[in-house]
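Participant:
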Amino acid sequence: MIKNIIISGSGGQGILSIGTILANIALFSDKFVSYCPCYGAQMRGGAVNCEVSFSDEELLCIQKEKAKFVIALNQASFDKFISKVEKNGTIIANSTLIKPQKPREDISYIFAPITQEAIKLGNIKTANSIALGILLNLLDEFSMENTKKAYEKVLKTKKDLIEKNIEALLLGFNFLKKEGN
Amino acid sequence: MQTIFETPKTIKENSRFSFCPGCDHGVAIKLVAQVLDELGLQENTILVASSGCSVNLYDYLELDCIEAPHGRACAVATGIKRAHKVQGKEKFVFTYQGDGDFASIGLGESLHSALRGENITAICINNTNFGMTGGQMGPTSVLGQITSTSPQGRNKETHGFPIKTAEHIALCDGTSFSARVALFDVKNILKAKNAIKKAFEYQKQGLGFSFVEILASCPTNWRLSPLESHNKIENELTKTYPLGIFKDIKND
Amino acid sequence: MLKGNIAIAKAALKCGCSCYFGYPITPQTEIGEYLSSEMQEKNLAFVCAESELAAINMALGAASSGAKVMVSSSSCAISLMQETLSYASSDEIPFVLINIMRAGPGQGYIFPSQADYNQSTIGGGNGDYRIITLSPSTVQECIDLTYRAFYLSQKYRNPAILLADGLLGQMAQGVILKENPYPEIDNSSWILNGAKNRPARKICSLEPNQEKLNSHIEKLFKKYKTIEEKEVLYEEYLCNDADIILTAFGTMGRYSKAICNYYRKNGVKMGLFRPITLYPFPNKRLNELSQKTKFFIDIEMNMGQMLKDVKLALAKDATCKFIKKPIGDWSGQEETIAEIDEILKEKYANNI
């Protein structure tokens, strides 16, 4: 079974970073993985997205099919990618920047004040990890060990940054419990 | 009996130049060959030939040689120089180009090689026209010059101005040496040889891009005799193209 | 886990590429970015050329020294290099050119595309010449075929192109970066390293003697014939019992494999034939397959460039349909399946 995940937001929100981290978590968990970033003339603050797919079988079909999960960190990406969520799929939306509207009835919505929580944590740049935490909880198939390994691989020697992000990730991971969803 | 002149070792035995009578290419090639002999470079040299009248230069010189597409000689030379360097070998690499090749179609490659301070030498024969194709107006044709594509003479309104190549190359920070010489009399031929020698030595010393522009006659396309051609260079062309050294890194 | 672009760069270094010349263009710029630091550390030659024209000609010069040389670029900029590909083919100078295709014609845009099939296999330069063209469909194949491109280009003294699209250059997958499996080729008989203790050598395509030029071209084509006989590569997937065979290359090859799997699950005997060498094209094998299977569907991310080679290869009584995928983002396999369903409906209605 192939799982497709689209991560989207604006330049500077760390979209491609958590895409790479997620891809590496799946790789460390012995999955077939593909990671496709959008590319080209990018502008700070402009739209950014990537697609991560993983499966227990060889990945053949790639690129922007329907996704089981979509992470949207700003309004523009919410509007653009909501149509890509497959039936009974879930969109994780950053309610600090996205209006809590539900234009489709055949999908689930998680509105979390991701940016606000990141500011409370003291670093707005960890918002992406909070979102990833929520996703990992929903996926419910990857170990914390592999998650840490992926962070260490992608962020390399930046120890402080790794710790901060893991903290944010855990906050996201536990968000749903706290909210009682 | 004392030998006072012999064919340079670098010139292939029994080779016959295919240039028109009175053309200065032959003199320029002889000077290059003499300098290569004197500096002991022949066995360590790779020549980059170009398109134009000197297209089959490799048939005259006993040097390893590659032909470059029209205008790309300095880029090809860059590749050769760098590739040998990573193999731990310093090769002597020079291009021999016409003004059309160096300063028209290849100006980008030429200027950028100078800007990179590429440690190669370029010899550019400036005869103020596209000689091989029958004397059309080139980037170096002087104002008023009649050619097959400027029958009323080059005028600045429609054709713009001629390029002063040696001065332009001298402006590049990566250039170690840039000079313009001519071959219309013995004194100038000796000066030209000295300039070529200096340019080659600077490459040997690893000082960067070295360049010699040689004002050369083209009696056939100029519709002049060899003597008249040399007079034209001395009295007319040197007004647009003054002779001299425009950059010498050791004197600056 | 490596991006296609980085995988190609790493593979090049691993098989001894010592010179790289490039000029930035999306979607392949990471190749140069990666190599700029790696090659500097290793004291190898990396030049940010002033243009693609300069880059490919630096490659021409560098390769004449016997060094392993690579240039990478994309579609419209590969157009600029066609002259030197023609020269290098005639000069018999080997180097590897990576084309991470984007959409054209003209400037087009950076969307993935397969529209340079003609440019690579037929060529845009003048004269009679051929370029070895390899087409990967996964990041792993980007590595394996980069090794092979270096090997074939050295072995046959001919430029070789690795033809991938923007999607493959940009996407990351788990890969194994194994050692270069190919032997080194002795080039001491022709390289230019100074005429010491031997006569001077010349490398040139100019040949004013008509007979000599003729025999030079004949010699080149004898070499191409050997390449066509010995170096054809392709992948066959479930072709043995297939009623319908899809033909596709590169990214569309892996995509078509998923389509095959879908139809197999639904009881349709579908197979896939994927040329890996686009030149030499595997026409012989395709012809053999068409002796048994009579229905083919060609799928490409262009307006049908490989299609003519497929049609030429097939037996006369075989049918070949074509599905073109739009350039860039396409919306999953459902759309293609719907198109194939239409084709099959027609096939069964007309009993083809």
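Protein chains in written order, with the numbering used here: chain L, 39 to 219; chain P, 759 to 1010; chain S, 16 to 367.
Every residue, glycine too, gets a C-beta built ideally from N, C-alpha and C.
Note that the coordinates shown come from a computational prediction; the quantities given were computed from them, not determined experimentally.
#1: When you compare the CB of MET73 (chain S) with every CB in chain P, is at least one pair closer than 9 Å?
#2: Can you list, in chain order, the residues of its chain whose CB lies under 8 Å from that of THR996 (chain P), leaving out five sequence neighbours each side?
#3: Between which two residues does the alpha helix (DSSP H) holding LYS307 (chain S) run?
#4: Along chain P, which residues have their Cβ under 8 Å away from the Cβ of ASP208 (chain S)?
#5: Could you give the distance in angstroms between the alpha-carbon of ALA210 (chain S) and the alpha-carbon of LEU901 (chain P)?
#6: How many angstroms separate the CA atom of GLU89 (chain L) from the CA atom of PRO75 (chain L)?
#7: Buried or exposed: where does GLY731 (chain P) fall if 16 or more other Cβ atoms within 10 Å of its Cβ makes it buried?
#8: Under a three-way DSSP split, which group does GLN188 (chain S) fall into?
#9: Helix, strand or coil for LYS339 (chain S)? Go by DSSP, reduced to three states.
#10: To the nearest angstrom, how far is the alpha carbon of MET116 (chain S) from that of TYR162 (chain S)?
#11: Would you say PHE288 (chain S) touches the ligand SAM, meaning its beta carbon is less than 8 Å from a heavy atom?
#12: Looking at the unbroken beta strand (DSSP E) that takes in SER906 (chain P), where does it start and where does it end?
#13: Looking only at its own chain, which residues have a Cβ that is under 8 Å from the Cβ of ILE157 (chain L), when we skip the five neighbours before and after it?
#14: When the Cα atoms are used, what is the spatial distance from THR886 (chain P) to GLN134 (chain S)?
#15: Taking the beta strand (DSSP E) that LYS125 (chain L) falls in, what are its first and last residues?
#16: Below 8 Å on the Cβ atoms is my guess for GLN129 (chain S) versus MET316 (chain S); work out the distance and round it to an integer in Å.
#17: Going by CA-CA distance only, name the one from L:SER46, L:GLU183, L:MET39 and L:PHE70 that's closest to LEU17 (chain S).
#18: Going by alpha carbons, who is nearest to ASP201 (chain S) out of S:SER168, S:PHE264, S:PRO42 and S:PRO214?
#19: In the structure shown, what three-state DSSP assignment does THR195 (chain L) receive?
#20: Exposed or buried, what is PHE1012 (chain P) when buried is set at 16 or more other beta-carbons lying within 10 Å of its beta-carbon?
#21: Taking one C-beta from the region 92-109 of chain S and one from the region 324-331 of chain S each time, how about it: are there three or more such pairs within less than 8 Å?
#22: Would you mind stating whether SER237 (chain L) and ASN203 (chain L) have Cβ atoms separated by less than 9 Å?
#23: Specify the secondary structure class of LEU59 (chain S) as computed by DSSP and reduced to three states.
#24: To the nearest angstrom, how far is the alpha carbon of MET39 (chain L) from that of GLU98 (chain S)?
#25: In the DSSP assignment, what residue or residues form a beta bridge with GLU334 (chain S)?
#26: By Cβ distance below 6 Å, which residues in the same chain neighbour GLY184 (chain S) in space, the five residues on each side in sequence not counted?
#27: Cα-Cα, which of S:VAL86, S:GLN155 and S:ILE125 is closest to PHE110 (chain S)?
#28: Reducing DSSP to helix, strand and coil, say where GLY57 (chain L) ends up.
#29: HIS870 (chain P) versus chain S: which residues are under 7 Å apart at the beta carbon?
#30: Under a three-way DSSP split, which group does VAL944 (chain P) fall into?
#31: I need the boundaries of the beta strand (DSSP E) containing ASN87 (chain L), first residue and last residue.
#32: Alpha carbon to alpha carbon, how far is LYS945 (chain P) from GLN225 (chain S)?
#33: Taking CB distances under 9 Å as the criterion, tell me whether ASN184 (chain L) reaches chain S.
#34: By the three-class DSSP mapping on this structure, what secondary structure does PHE958 (chain P) have?
#35: Closer than 8 Å, Cβ to Cβ, to anything on chain S: give me those residues from the region 55-68 of chain L, in chain order.
#36: Which value, in whole angstroms, describes the spacing of the CA atoms of ALA950 (chain P) and THR879 (chain P)?
Facilitator: Taking the coordinates as given:
#1: MET73 (chain S) belongs to the set of residues whose beta carbon lies under 9 Å from a beta carbon in chain P.
#2: Excluding positions up to five away in sequence, the list reads ALA940 and LEU973.
#3: LYS307 (chain S) -> alpha helix (DSSP H) spans 298-307.
#4: According to the sequence provided, residue 208 (chain S) is Asn. The question's Asp does not apply to it. Residues of chain P passing the Cβ test: ILE804, ASP822, HIS842, LYS847 and LYS849.
#5: In this structure, the straight-line span from the alpha carbon of ALA210 (chain S) to that of LEU901 (chain P) is close to 44 Å.
#6: Near 6 Å, if we compare the C-alpha coordinates of PRO75 (chain L) and GLU89 (chain L).
#7: Beyond the ends of chain P as shown, which are 759 and 1010, falls residue 731 (chain P); an answer cannot be given.
#8: In the structure shown, the three-state DSSP call for GLN188 (chain S) is strand.
#9: The answer is strand: DSSP assigns LYS339 (chain S) an E or B state.
#10: For MET116 (chain S) and TYR162 (chain S), the distance between alpha carbons rounds to 19 Å.
#11: Among the components of this structure there are no ligands whatsoever, and the ligand SAM is therefore not found.
#12: In the DSSP assignment, SER906 (chain P) falls outside any beta strand (DSSP E) and carries neither an H nor an E.
#13: Answer for ILE157 (chain L): no residue qualifies.
#14: Their backbone Cα atoms lie some 38 Å apart in a straight line.
#15: Run containing LYS125 (chain L): 123-132, per the beta strand (DSSP E) assignment.
#16: Sure, about 4 Å apart at Cβ, within 8 Å.
#17: In this structure, L:PHE70 is the residue among L:SER46, L:GLU183, L:MET39 and L:PHE70 with its C-alpha nearest to the C-alpha of LEU17 (chain S).
#18: Comparing Cα-Cα distances from ASP201 (chain S) to each of S:SER168, S:PHE264, S:PRO42 and S:PRO214, the minimum goes to S:SER168.
#19: Correct three-state label for THR195 (chain L): coil.
#20: Any property of residue 1012 (chain P) remains undetermined from this structure, which presents chain P solely from 759 to 1010.
#21: With a cut-off of 8 Å, the region 324-331 of chain S and the region 92-109 of chain S do not count as touching, because too few Cβ pairs lie within range.
#22: Absent from the structure is residue 237 (chain L), since the part of chain L shown begins at 39 and ends at 219.
#23: Correct three-state label for LEU59 (chain S): coil.
#24: Their Cα atoms are separated by approximately 48 Å.
#25: This sequence places Thr at residue 334 (chain S); Glu is not what is there. Note: THR334 (chain S) sits in a beta bridge opposite S:PHE310.
#26: By the criterion of a C-beta distance shorter than 6 Å, GLY184 (chain S) is surrounded in its chain by GLY19, ASN20, PRO42, GLN43 and ILE115, once the five residues flanking it on both sides are discounted.
#27: Ranking S:VAL86, S:GLN155 and S:ILE125 by Cα distance to PHE110 (chain S) puts S:VAL86 first.
#28: Helix.
#29: Near HIS870 (chain P) (Cβ distances below 7 Å), the residues of chain S are GLU65 and ALA69.
#30: In the three-state scheme derived from DSSP, where H, G and I count as helix and E and B as strand, VAL944 (chain P) is classed as helix.
#31: Looking at the DSSP string, the run of the beta strand (DSSP E) that includes ASN87 (chain L) is 85-93.
#32: Here the alpha carbon of LYS945 (chain P) sits roughly 43 Å from the alpha carbon of GLN225 (chain S).
#33: Not flagged as an interface residue toward chain S: ASN184 (chain L), since no C-beta distance is shorter than 9 Å.
#34: DSSP, read as helix, strand or coil, puts PHE958 (chain P) in helix.
#35: Within the region 55-68 of chain L, THR58, ALA61, ASN62 and LEU65 place their CB atoms closer than 8 Å to a CB of chain S, listed in sequence order.
#36: ALA950 (chain P) and THR879 (chain P) have their C-alpha atoms some 15 Å from each other.
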